[in-house]
Amino acid sequence: MPSSFSKSNGTYAALAAGAVVATYAGTHAYKSRIQRNFDDGIDLKNQTVEIDPIEHIRRCTFYKDIDIFTFHKTVYPTVQTLGDVFYNGYAASNDGPCIGYLNETNKEEPLHWISYSTALQQIRRIGSHLWTEAKLTPTKSTVAIISLNRPEYSFVEFACYMYGFTVLALYTSYDPATILSILEKTKTDVLVVDNLDRISSFKTQLLEKNYIKEILVMDETGNNEHSKIKNIPKILQTMQQADIRPRPYIDPDNIAAYILTSGTTGEPKIAMLSHTNFLVQIKGGILRRERANVAAEPDNRHCSFLPMAHLYERLVLISSFIHGTQVVYCPVPEKLFEYYPFVKPTNIAMVPRVLNKVYDKIMAEV
């Protein structure tokens, strides 16, 4: 028995070792194939070169001798400001599905889509309202947004890009004092929120601010609200085609957005990015993916779940809309796995902190 047992163990050990070797070989072969098929030509040990020894500015080795602020204009040449993004998506997708609304109760067709032309119409209606009714001034006025991920967020954001208003995206995690401080510093003209509960504890203070011209609400609101409070669904439903304003000229070097840090390590810091700043980054990413044979097709589907105030998520969304990609919004990262079976995304934007949250949620249910 002992010898038999020993022999049996030896057999199992050999089989196990063989399985490990086979698994390693298979994984290595898969990794090699991926690297071979999607090689963008970048030397991972020498990805950038220093072009400014004083400021220590570095640039991708492919473009070390190129004026990138001129070169980027040749990539998607019809997109020179962020206001052009949806028009390019409209053409690339042949007015295909743009934004999907999830209805989990409909098992056969859980996603209801609106087209790129419909999204453009919503964007232009909001932009026209901000210009004519809220009396904002292109290239001078600021619009702040506090909301979970949802289609109206993008409608407002791109309305601002299209009509020349600066976007100020605020994290929903900010406390009232931080929000009021940032709005004061930036002299925000219009505040957009997903619902009035979002600002219930400091709504009175907001309404007393002379620089706040309007508070736009994405959800339906009652008719007895303050005159400064407007309802986005009503604006979209009642604005006539004749009231939609033509787009003003926007210089690509104008400020497109104020970018804020999350505030987890102190008071949020503010950076200013122009339309060109955004597009140089986005078009550079597009070129690198093209080098790596990673196709961006209109039938690709992005599931947006990182906070839309997060710059990474915003860059991915802008890139998605340029290509005419389909987009579905997941309101919070915790709902991602609920959305997955219905949305079936081909791409998402992920950060380690969210993966940790997902891991904790899974382990809590084990």
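Numbers 0 to 365, taken from numbering that gives the first Met the number 0, label the letters of the sequence shown in order. In this text, a Cβ means the ideal position worked out from N, Cα and C, and glycines have one as well.
Worksheet item: So which of Val-191, Ile-181, Ser-180 and Tyr-173 has the shortest CA-CA distance to Lys-159?
Response: Position 160 of the sequence shown, counted from the start, is the residue given in the question as residue 159. Going by the sequence as given, residue 159 is Cys instead of Lys. For Cys-159, the nearest C-alpha among the options comes from Val-191.
Worksheet item: Can you tell me whether Phe-336 is buried or exposed, with buried defined as 16 or more other CB within 10 angstroms of its CB?
Response: Locating residue 336 in the sequence shown gives position 337, where the first residue counts as 1. Exposed is the call here.
Worksheet entry | DSSP-derived helix/strand/coil call for Asn-373 | The requested residue 373 is not part of the displayed model; the chain covers only 0 to 365.
Worksheet item: Are the stretch 297-314 and the stretch 46-58 touching, with three or more C-beta to C-beta distances below 8 Å?
Response: no
Practice prompt. Kindly list the residues whose CB is nearer than 8 Å to the CB of Val-74, restricted to its own chain and excluding five residues on each side of it in sequence; keep chain order.
Written response: On the sequence shown, position 75 is the one that residue 74 refers to. Here the set comprises Lys-282, Ile-285 and Leu-286.
Discussion item. Tell me which residue opens and which closes the beta strand (DSSP E) that Val-192 is part of.
Written reply: Taking the sequence shown and counting its residues from 1, the one referred to as residue 192 is at position 193. Annotation: the continuous beta strand (DSSP E) that includes Val-192 extends over 189-192.
Discussion item. Buried or exposed, going by whether 16 or more other CB atoms sit within 10 Å of the CB of Gln-325?
Written reply: Start at 1 with the first residue of the sequence shown, and residue 325 comes out as number 326. Buried, because 16 or more other Cβ atoms sit within 10 Å of the Cβ of Gln-325.
Worksheet item: Can you list, in chain order, the residues of its chain whose CB lies under 7 Å from that of Leu-147, leaving out five sequence neighbours each side?
Response: Taking the first residue of the sequence shown as position 1, residue 147 is located at position 148. The answer, listed in chain order, is Thr-171, Asp-193, Pro-330 and Val-331.
Discussion item. Can you look up Ala-291 in the DSSP assignment and give me helix, strand or coil?
Written reply: As a first step, residue 291 must be located in the sequence shown, where it is residue number 292. Note: Ala-291 maps to coil in three-state DSSP.
Discussion item. Just to check my reading of the structure: Val-315 and Ala-348 have Cβ atoms closer than 8 Å, yes? What is that Cβ distance to the nearest angstrom?
Written reply: Counted from its first residue, the sequence shown places residue 315 at position 316. Counted from its first residue, the sequence shown places residue 348 at position 349. Right, the Cβ-Cβ distance comes to about 4 Å (below 8 Å), so this counts as a contact.
Discussion item. Quick check on the DSSP output: what are the complete alpha helix (DSSP H) runs of length 4 or more inside the stretch 223-281, in order along the chain?
Written reply: 231-237
Worksheet item: Tell me the DSSP bridge mates of Gln-325?
Response: Along the sequence shown, one-based indexing puts residue 325 at 326. Answer is Arg-300, bridged to Gln-325.
Worksheet entry | Selection from Phe-341, Glu-364 and Leu-354 that minimises the alpha carbon distance to Gly-99 | Looking up residue 99 in the sequence shown gives position 100. The residue with the shortest Cα to Cα distance from Gly-99 is Phe-341.
Worksheet item: So, do the stretch 183-190 and the stretch 209-221 have three or more beta carbon pairs nearer to each other than 8 Å?
Response: Touching, yes.
Worksheet item: For Ser-114, which three-state DSSP category applies?
Response: Along the sequence shown, read from residue 1 onward, the residue named residue 114 stands at position 115. Reduced to three states, the DSSP call for Ser-114 is strand.
Worksheet item: Where Asn-93 and Gly-265 are concerned, what is the direct C-alpha to C-alpha distance, given to the nearest angstrom?
Response: As a first step, residue 93 must be located in the sequence shown, where it is residue number 94. As a first step, residue 265 must be located in the sequence shown, where it is residue number 266. Cα to Cα, Asn-93 sits roughly 46 Å from Gly-265.
Worksheet item: What residue does the beta strand (DSSP E) around Gly-99 start on, and which one ends it?
Response: The residue labelled residue 99 in the question sits at position 100 within the sequence shown. From DSSP, the beta strand (DSSP E) with Gly-99 extends over 96-101.
Worksheet item: What does a CB cutoff of less than 7 Å around Glu-312 pick up in its chain, not counting 5 residues either side in sequence?
Response: As a working mapping, residue 312 is identified with position 313 in the sequence shown. Once the five neighbours on either side are set aside, the close Cβ partners of Glu-312 are Ser-303, Leu-305, Pro-306 and Ala-348.
Fill in: Option nearest Arg-196 by Cα separation, candidates Ser-180, Leu-182, Ile-214 and Thr-77
On the sequence shown, residue 196 is found 197 positions in, with the first residue counted as 1. First, the amino acid is wrong: residue 196 is Asp here, not Arg. If we check each option's Cα against that of Asp-196, Ile-214 comes out closest.
Worksheet item: Should Leu-129 go down as buried or exposed, given a rule of 16 or more other Cβ atoms within 10 Å for buried?
Response: Against the sequence shown, residue 129 aligns to sequence position 130. Leu-129 should be labelled buried.
Worksheet item: Can you give the Cα-Cα distance for Met-238 and Ala-118, rounded to whole angstroms?
Response: Position 239 of the sequence shown, counted from the first residue, corresponds to residue 238. Position 119 of the sequence shown, counted from the first residue, corresponds to residue 118. If I take the Cα positions, the gap works out to 15 Å.
Fill in: Rounded separation between Ile-269 and Phe-277 - CA only
Along the sequence shown, read from residue 1 onward, the residue named residue 269 stands at position 270. Along the sequence shown, read from residue 1 onward, the residue named residue 277 stands at position 278. Spanning the two alpha carbons is a distance of roughly 16 Å.
Worksheet entry | Proximal residues to Val-353 (C-beta, below 6 Å), its chain only, five neighbours per side dropped | Here residue 353 is taken as the residue at index 354 of the sequence shown, counted from 1. Here the set comprises Pro-332.
Worksheet item: Which residues in the same chain have their Cβ closer than 7 Å to the Cβ of Gln-121, if we skip the five residues on either side of it in sequence?
Response: If you number the sequence shown from 1, residue 121 lands on position 122. Around Gln-121, the same chain offers Phe-154 and Leu-235 as residues with beta carbons nearer than 7 Å, after the five sequence neighbours per side are excluded.
Worksheet item: What's the gap between the Cα of Ile-351 and the Cα of Ile-361?
Response: Counting from one through the sequence shown, the residue named residue 351 turns up at place 352. Counting from one through the sequence shown, the residue named residue 361 turns up at place 362. The sequence given here places Pro at residue 351; Ile does not occur at that position. Taking the straight line joining both Cα atoms gives about 15 Å.
Worksheet item: Are the beta-carbon atoms belonging to Leu-110 and Tyr-338 less than 8 Å from one another?
Response: The count along the sequence shown starts at 1 and reaches residue 110 at position 111. The count along the sequence shown starts at 1 and reaches residue 338 at position 339. For Leu-110 and Tyr-338, no; Cβs fall outside 8 Å.
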